[in-house]
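Participant: Let me give you the structure first, and then I'll get to my questions.
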Amino acid sequence: MMRFLRRSYTALIFAFLYLPIFILIVFSFNDSKSRAAWGGFTLRWYEELFSNSAILDAVYNTLTIAVLSAVLATIIGTLAAFAMHKDMRQWEKKIVMNLTYLPILNPDIVTGISLMLLFIFVKMNLGLGSLLLAHTIFNVPYVILTVLPKLKQFDQSLYEAALDLGASPSYAFRKIVLPEILPGIVTGALFAFTLSIDDFVISFFTTGSGVNNLSILIYSMARRGIHPTINALSTLLFLVVLVLLLAVNRRVTGEKKQKHA
Amino acid sequence: MERRWLVYPYHIWMLLFTVVPLALIFYFAFTVKGTYAFTLENIQQAASPVYLKVLWHSVWLAAVSTFACFIIGYPMAMILATCRVKYRNMLVVITIIPMWMNFLLRTYAWMTLLEKKGLINTVLSFFNIAPLQLLYTDGAVLLGMVYNFLPFMILPIYSVLMKMDRSLLEAAGDLGADAWTSFRRVTFPLSLPGVYAGMLMVFMPAVTTFVISRLLGGGQYMLIGNVIEQQFLAIGDWNFGSALSVFMMILIIISMALLSRYNKNGNGGMLL
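Quick look at the structure:
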């Protein structure tokens, strides 16, 4: 009885989570603008999608900004994490940690408008540049918070031992320190990349007219009403996410198994 | 690695991109438009009954959706935490996947379901029920919030329950507690840090959203997030918009303080 209840509850929750997406996918192949009646199978919304230059531009912008901001944030965040780990007095550390956390805790809308005010205040042109800067800014704290724990775990005496054995500081850093903290850096970079891809609110406030990323474009399309090309877009994005997540999950469980073996 | 100067660039970075932008919000909130003159007018206007009502409505909707997420999410978190190991990983992944889908598309999905000629109304019409106004209502906005933020409630509770020492339950059983009593007296109190973390993670985005209310609530529908967005992007009154943002920040700080007071033992399970 209990088992039955548990199973049906799980099924119910999953249905709630997935049915809307599933229906979106089904209707992306519907040869009729209706959202309720089936008019036959078609791929024309996908053709429209791939011939729509606004959408393609937005995809391009999204990916470019995600890659660049992830790289920049990883470099800045890692350096900052080193600095915070080594060179700070106690009270200084407290203030710096809190200021690092602040953008994470702040609502996106507040971060968005505060950055918009800053950019306009210094008369920066709003567009791809401001978008990239904004994404880098909100990504940095996440990188710091993934790298810092790795630094804390790192045994300082290993680095000192390398120096005693004649390694130059940079050689010791590359051969001893970096490999130890690399997982943290990679996690941070991936984190930054996905946050950037998914962001809407901050981008919405810090972009200029005519420069869209995917989220902004979807918002302005959805505001005008429903269109099957959005369904086609959702389907493709959902598939990408699904494949990526399953791949990552497989890799992780694979690693776990290897470690146990 | 020992050089102190390494710190300063980050100090400057934070000053420029965290402190100054927030200071600008306060600056605009307390000055007359277009001048440097100090004023309390923006704050007073933001505290006027019209906007307090909007604020209250936003808090109310966010609170209801948080509670709904808790009621719906808690059993699911328990199921995940207690299911057989070989299924657990997969079930957790299935719970997470929708979160990775673009937030706007998830909201958009409900637009197509709820609209006048949408699927739900079409299904209803087979039963000879006249089309209902589903989209552009409080209910639609609530549904959108619950749908989007439910995983944020499930995951922190799940991760706390996973860390719980199972032998406590055996001990409770040995001491004569039935399943319900041991849930009420052992499991539930121990899971509270996760519950508070989940509540914060649902309440915060819900109370500040302007997307869900705009897409599912329609153009006329106003939450505090919509008012702020309009002031900045449509009306261009940064001073008043900033004053409203200050209100929103205070609201967030209060709710975080309230929830973290109950969450003294800290690490109440962030995402996984």
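Same order as they appear, the protein sequences are chains X and D.
First residue of the first sequence: 16, per my numbering; consecutive thereafter.
First residue of the second sequence: 5, per my numbering; consecutive thereafter.
Glycine included, C-beta positions come from ideal geometry on N, C-alpha and C.
Note that the coordinates shown come from a computational prediction; the quantities given were computed from them, not determined experimentally.
With distances taken from CA atoms, which of S230(X), L229(X), Y234(X) is nearest L220(D)?
Facilitator: Within the second sequence, numbered from 1, the residue matching residue 220(D) stands at position 216. Ranking the options by Cα distance to L220(D), first place goes to Y234(X).
Participant: Strictly under 8 Å for the Cβ-Cβ distance: is V97(D) near chain X by that measure?
Facilitator: Taking the first residue of the second sequence as 1, we reach residue 97(D) at position 93. Chain X, which has a Cβ nearer than 8 Å to the Cβ of V97(D), makes this yes.
Participant: With distances taken from CA atoms, which of S195(D), I16(D), I161(D), L118(D) is nearest L172(D)?
Facilitator: In the second sequence, counting from the first residue as 1, residue 172(D) sits at position 168. When only C-alpha atoms are compared, the closest one is S195(D).
Participant: Per DSSP, what kind of secondary structure is L275(D) in: helix, strand or coil?
Facilitator: If you number the second sequence from 1, residue 275(D) lands on position 271. Bear in mind that a pLDDT of 36 at L275(D), under 50, signals an unreliable position, so the number given afterwards is only what the model happens to contain. Here L275(D) sits in coil by DSSP.
Participant: Ordered along the chain, which non-local residues of its own chain (more than five positions away) have a Cβ less than 8 Å from that of L232(X)?
Facilitator: In the first sequence, residue 232(X) corresponds to position 217, counting from 1. Within the same chain, L232(X) has close Cβ partners A69, I70, A73.
Participant: Could you tell me the boundaries of the alpha helix (DSSP H) in which Y75(X) lies?
Facilitator: Walking along the first sequence from the start, residue 75(X) turns up at place 60. Segment 68-101, the alpha helix (DSSP H) holding Y75(X).
Participant: Under the DSSP definition of a beta bridge, which residues are partnered with T213(D)?
Facilitator: On the second sequence, residue 213(D) is found 209 positions in, with the first residue counted as 1. None; T213(D) has no bridge partner.
Participant: Measure the alpha-carbon distance for Y40(D) versus V158(X) and round it to whole angstroms.
Facilitator: Reading the second sequence from its first residue, position 36 is the one you call residue 40(D). Reading the first sequence from its first residue, position 143 is the one you call residue 158(X). Computed Cα separation, rounded: 37 Å.
Participant: When the Cα of L248(X) is compared with those of M115(D), M105(D), Y140(D), which residue comes out closest?
Facilitator: Here residue 248(X) corresponds to residue number 233 of the first sequence, with the count starting at 1. Closest option to L248(X), Cα to Cα, is M105(D).
Participant: Roughly how many angstroms lie between the CA atoms of L44(D) and A247(D), to the nearest whole one?
Facilitator: Residue 44(D) sits at position 40 when you count from the first residue of the second sequence. Residue 247(D) sits at position 243 when you count from the first residue of the second sequence. Each residue's Cα considered, the two are about 9 Å apart.
Participant: For F206(X), return the contacting residues in chain D, with the cut-off set at a CB-CB distance below 9 Å.
Facilitator: Here residue 206(X) is taken as the residue at index 191 of the first sequence, counted from 1. Within chain D, no residue comes near F206(X); the closest Cβ sits about 10 Å away, beyond 9 Å.
Participant: Is N227(X) helix, strand or coil when you go by DSSP?
Facilitator: Residue 227(X) sits at position 212 when you count from the first residue of the first sequence. Correct three-state label for N227(X): coil.
Participant: Where does F253(X) sit, in a helix, a strand or coil, going by DSSP?
Facilitator: The residue given as residue 253(X) occupies position 238 in the first sequence. Helix at F253(X).
Participant: Let me know the secondary structure DSSP gives V56(X) once reduced to three states.
Facilitator: Mapped onto the first sequence, residue 56(X) falls at position 41. This sequence places Phe at residue 56(X); Val is not what is there. DSSP places F56(X) in strand when its eight states are reduced to three.
Participant: Buried or exposed: M82(D), going by 16 or more other Cβ atoms within 10 Å of its Cβ?
Facilitator: Residue mapping note: residue 82(D) aligns to position 78 of the second sequence, counting from 1. With 16 or more Cβ atoms within 10 Å of its Cβ, M82(D) is classed as buried.
Participant: Counting Cβ pairs closer than 8 Å, one from the region 163-178 of chain D and one from the region 137-144 of chain D, do we hit at least three?
Facilitator: Touching, no.
Participant: Would you tell me roughly how many angstroms separate the C-alpha atoms of S66(X) and I245(X), rounded to the nearest one?
Facilitator: Along the first sequence, one-based indexing puts residue 66(X) at 51. Along the first sequence, one-based indexing puts residue 245(X) at 230. Spanning the two alpha carbons is a distance of roughly 13 Å.
Participant: Let me check understanding here. Comparing Cα to Cα, which of D46(X), L251(X), T250(X), A207(X) lies closest to L87(X)?
Facilitator: On the first sequence, residue 87(X) is found 72 positions in, with the first residue counted as 1. Nearest option by C-alpha distance: A207(X).
Participant: Could you check what DSSP says for F169(X) in three-state terms: helix, strand or coil?
Facilitator: In the first sequence, the residue the question calls residue 169(X) occupies position 154. It is coil, neither helix nor strand.
Participant: Quick one: residues in its chain with C-beta nearer than 7 Å to the C-beta of S211(X), no 5 flanking neighbours on either side, listed in chain order?
Facilitator: As a working mapping, residue 211(X) is identified with position 196 in the first sequence. If we look at S211(X) and ignore the five residues flanking it on each side, its Cβ neighbours are I80, A81, S84, A85, H150, N154.
Participant: Go ahead and label K109(X) buried or exposed: buried means 16 or more other beta carbons lie within 10 angstroms of its beta carbon, across all protein chains shown.
Facilitator: For the purposes of this step, residue 109(X) is identified with residue 94 of the first sequence, where counting begins at 1. It is exposed - the Cβ of K109(X) has fewer than 16 other Cβ atoms within 10 Å.
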